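Visitor: Dumping the structure here so I can ask a few things about it.
4 protein chains.
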Amino acid sequence: MPKIGMEPVRRLALVNAAISEIGHRGSLDVTVTQIAKRAGVSSALAHHYFGSKENILTAAMWRILAMLAADLRDAQHGKKTPIERLHAIVDASFSDRNFRPDVIAAWLAFYVSAQTSNDAHRLLKVYHRRLRSNLLHELRPLLAADAERVAETIAALIDGFYIRQALRTEAPDGKAAVVATKAFIDDLMKRETIS
Amino acid sequence: MPKIGMEPVRRLALVNAAISEIGHRGSLDVTVTQIAKRAGVSSALAHHYFGSKENILTAAMWRILAMLAADLRDAQHGKKTPIERLHAIVDASFSDRNFRPDVIAAWLAFYVSAQTSNDAHRLLKVYHRRLRSNLLHELRPLLAADAERVAETIAALIDGFYIRQALRTEAPDGKAAVVATKAFIDDLMKRETIS
Amino acid sequence: MPKIGMEPVRRLALVNAAISEIGHRGSLDVTVTQIAKRAGVSSALAHHYFGSKENILTAAMWRILAMLAADLRDAQHGKKTPIERLHAIVDASFSDRNFRPDVIAAWLAFYVSAQTSNDAHRLLKVYHRRLRSNLLHELRPLLAADAERVAETIAALIDGFYIRQALRTEAPDGKAAVVATKAFIDDLMKRETIS
Amino acid sequence: MPKIGMEPVRRLALVNAAISEIGHRGSLDVTVTQIAKRAGVSSALAHHYFGSKENILTAAMWRILAMLAADLRDAQHGKKTPIERLHAIVDASFSDRNFRPDVIAAWLAFYVSAQTSNDAHRLLKVYHRRLRSNLLHELRPLLAADAERVAETIAALIDGFYIRQALRTEAPDGKAAVVATKAFIDDLMKRETIS
DNA sequence: AATGAATGAGGATTCATTCAT
DNA sequence: GATGAATGAATCCTCATTCAT
């Protein structure tokens, strides 16, 4: 029973517990007590470290986005051509680590809370901007004028597969999403090449 | 003060009030009292007619889907070619009547509640199936083997534009969504024609 | 079991219960549950009618001051000379109805809460102004220049007897307070007459 | 970092912090954590030295009363006549050191807690007795039979000015309180001399 | 048909207090 | 001597739901 330096340990445990609990319940309607219990601590401790329930949830969202961002970076690393890097974005978005039922459920729940919470709204905006800028960076050399619209389309496709996933009772099918999204990209390129 | 035939009037008023209130608050965290007040009745009456809060919300979702279904039917009416009918689906999905901030917010909220509520889950499944079957009906003659995947992709695109809309602070941009989705469809056709 | 028009009944019961409970506990550290129980209702109902704990306590203070104001009016009624009216103010201030342990305890507690709560501060200010204006009205004809200072002194004397009462374990001794305060007033007048 | 003799240092720091904090917040609703933070130590240490929150508060009250007692002693020192010594009591009571907003607020708060806490009650009783005995010592030679009542009146006047001070938003006006109280005493003496 | 009255069951949050180090 | 870690107990407040009228 270490008695010092517990703060980072507890914070991480609570954030992970929050993500799990949100995924488990399928909504942001989780209680601090549920999260705390899952993390193996009292709800009072959760408040001690985070100050409020909203802070816990924001930290959870932050963590999900950070995981995705890290994966995106890793996936693009070493890729040479724009097409390869676009594919890498798709792969990372639907990787087993991110395209999990509980993460998807949390993701969706955060979209809802962005209607109300400034923190949630800001974090999701950051994700949007980052994804958009990543996509544009690869698309511009290939498409010129259409790059913006196509970036929006790819982003919508990714989010669309996420939200539709939320309705499946079976395990998420990342493979299918990857295939479909890449097909969209590849078709696009073929057309550009041809014309 | 007629004493008869109030039931349908009240039910409709409550359902509309529920949709408005959900849109207004941006989440399913609305109270029965808020809905009832908006409908101009007491919360007790809301329970009298619907039995429970969940039933009110389910009825609200049902109504949104019904509106969309009707629009789809209307939009496709009179259209001759498969392409025209596909375009009509897109037009209806992003029409001013359906692609409104409050409807989008409600839509999103229902996706979340589908994780928990059987009713919500079932209703959204119906919408999915219907959209999918509509799309397939037009795509099969054109694409043969790829029809299934493309149908999924178009559906994801539509849902993706909806969910991304939820983050905008400005008014929804249905036009842009229509343009992007139709561009996707048209590109697809061009490719098929070419090859 | 009357089922309509309960609101005023409940509100009054809750306010009285609040005063009793504050007196009983000797401080504003009473819970809504305690007050509600004493009033024979649930704490939820207390919130339903008052919205918040602070509102209940403010209403309680308001009532105490209203009772005192009414007594003051009654006591002065029919009194002819300024001296008689001054005596009446003193009599009312220390009457059995107002100079009760629970009212005194509540009074004191409100003075403390006036440091924090705007409502409490405002209400006590009103009481101060009213007492002062009452006193000045009688003192001006008698004392001219000194009236202001003497009014302050009499007011302080009244509040002083109240606060000191809070320390007694025996029943409040309104008589002694009346005697002492009137003696102060009478001495003053004698001096004025003599000089 | 001396390891010995910290106890008195810490105790004093905590008591002073308690007085400041009570004055700052305007009520006894201060947390041990707030007091400890102001004293620059952990709340656990506060408990280590005082055992409980109530003990801290009692010690704080004890200190306020001790300060006042010391001032009273000093003020009376060297004064020859009873009147001079009475004036000295008044001066000390409303001196800048004692008649400060935070001390007044703490004072008032202690009166409230005397309703509940035996310790607080006992301490305030001691103050009452001491003031009374001081006053009586000077008044007896001058007033004989009325001395008791007049002592009570002066004491009430002092407490009354204190409590009324609690409502002011401006700085305390010790001068005015001194003038009024001395005027009361002097009038009394004049009357005695005359009759 | 309609509602005011009423409540039980939570849920977020606070805080004095304890304990191991 | 000193503190970070941890919690149980309370407290305010909300809300879906029921019921008598």
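Chains as they are written, first to last, in the working numbering: chain A, 1 to 195; chain B, 1001 to 1195; chain C, 2001 to 2195; chain D, 3001 to 3195.
No residue lacks a Cβ here, since even glycine has one placed at the ideal position from N, Cα and C.
As the structure is a computational prediction, the values presented were derived from the model and not from experiment.
1. Is it the case that the CB of glutamate 21 (chain A) approaches a heavy atom of the ligand COA more closely than 7 angstroms?
2. Which residue spans inside the stretch 2090 to 2130 of chain C form an unbroken beta strand (DSSP E) run of at least 3?
3. Excluding the 5 residues flanking glycine 23 (chain A) on each side, which residues of the same chain have their C-beta closer than 7 angstroms to its C-beta?
4. Less than 8 angstroms between the C-beta atoms of alanine 18 (chain A) and glycine 1160 (chain B), yes or no?
5. For isoleucine 1019 (chain B), which residues in chain A fall below 8 angstroms Cβ to Cβ?
6. What does glutamate 54 (chain A) touch in chain B if you count any residue whose Cβ is under 7 angstroms from its own?
7. What is the DSSP secondary structure of proline 1082 (chain B), counted as helix, strand or coil?
8. Taking contact to mean 3 or more Cβ pairs, one atom from each stretch, closer than 8 angstroms, check whether the stretch 3128 to 3145 of chain D and the stretch 2140 to 2155 of chain C are in contact.
9. Any beta-carbon of chain B closer than 8 angstroms to the one on glutamine 115 (chain A)?
10. Would you decide whether valine 150 (chain A) is buried or exposed? Buried here means 16 or more other CB atoms lie within 10 Å of its CB.
11. Enumerate in chain order the residues of its own chain whose CB-to-CB distance from isoleucine 154 (chain A) is below 6 angstroms, with the five nearest sequence positions on each side excluded.
12. Taking C-beta pairs closer than 7 angstroms, name the residues in chain A that valine 1032 (chain B) reaches, listed in chain order.
13. Between alanine 2155 (chain C) and chain D, is any beta-carbon pair separated by less than 8 angstroms?
14. How is glutamate 3054 (chain D) classed by DSSP in three states: helix, strand or coil?
15. Do you know how far the Cα of isoleucine 1056 (chain B) is from the Cα of glutamine 1034 (chain B)?
16. Would you call serine 20 (chain A) buried or exposed, if buried means 16 or more other Cβ atoms sit within 10 Å of its Cβ?
17. Let me confirm a value: isoleucine 2004 (chain C) is counted as buried when at least 16 other C-beta atoms fall within 10 Å, else exposed. Which label applies?
18. Classify alanine 1171 (chain B) as helix, strand or coil using the three-state DSSP reduction.
19. Which same chain residues, not among the five before or five after alanine 3075 (chain D), have their C-beta less than 6 angstroms away from its C-beta?
20. Is it true that the CB of leucine 1167 (chain B) sits closer than 8 angstroms to the CB of valine 1112 (chain B)?
21. Start and end of the alpha helix (DSSP H) containing glycine 3160 (chain D)?
22. Which of helix, strand or coil does DSSP assign to threonine 31 (chain A)?
23. Hey, does histidine 1121 (chain B) have any beta-carbon neighbour from chain A nearer than 8 angstroms?
24. Short check: CB of arginine 164 (chain A) to CB of alanine 69 (chain A), under 8 angstroms?
25. For histidine 3137 (chain D), which of helix, strand or coil comes out of DSSP?
26. Which of the three DSSP states, helix, strand or coil, is assigned to histidine 3077 (chain D)?
27. Quick one: measure Cβ to Cβ for methionine 2061 (chain C) and alanine 2120 (chain C), integer angstroms, because I've assumed they're closer than 8 angstroms.
28. Within this structure, are the beta carbons of valine 32 (chain A) and histidine 48 (chain A) separated by less than 8 angstroms?
29. Inspect the beta-carbon positions of isoleucine 64 (chain A) and methionine 189 (chain A) and report whether they are closer than 8 angstroms.
30. Where does isoleucine 2185 (chain C) fall in DSSP's three states?
31. According to DSSP, simplified to helix, strand and coil, what is serine 1042 (chain B)?
32. Would you call arginine 1085 (chain B) buried or exposed, if buried means 16 or more other Cβ atoms sit within 10 Å of its Cβ?
33. Near valine 179 (chain A), what residues of its chain come up, given a Cβ to Cβ distance below 6 angstroms and the 5 sequence neighbours on each side ignored?
34. Between aspartate 2187 (chain C) and chain D, is there a C-beta pair that is closer than 8 angstroms?
35. If we call anything under 8 angstroms between Cβ atoms a contact, is arginine 10 (chain A) one with valine 30 (chain A)?
Guide: On the basis of the coordinates in this document:
1. In terms of ligand content, the structure shown is empty, and the ligand COA therefore cannot be addressed.
2. none
3. Pro101, Asp102, Val103, Ala105 and Ala106
4. no
5. Correct list: empty, because the minimum Cβ distance to chain A is about 15 angstroms.
6. The premise fails here: glutamate 54 (chain A) is roughly 13 angstroms from chain B at the closest Cβ pair, so nothing lies under 7 angstroms.
7. helix
8. no
9. yes
10. buried
11. Leu135
12. Within chain A, no residue comes near valine 1032 (chain B); the closest Cβ sits about 16 angstroms away, beyond 7 angstroms.
13. yes
14. helix
15. 12 angstroms
16. buried
17. exposed
18. coil
19. Ala3088, Asp3091 and Ala3092
20. no
21. 3147 to 3165
22. coil
23. yes
24. no
25. helix
26. coil
27. 6 angstroms
28. no
29. no
30. helix
31. coil
32. buried
33. none
34. yes
35. no
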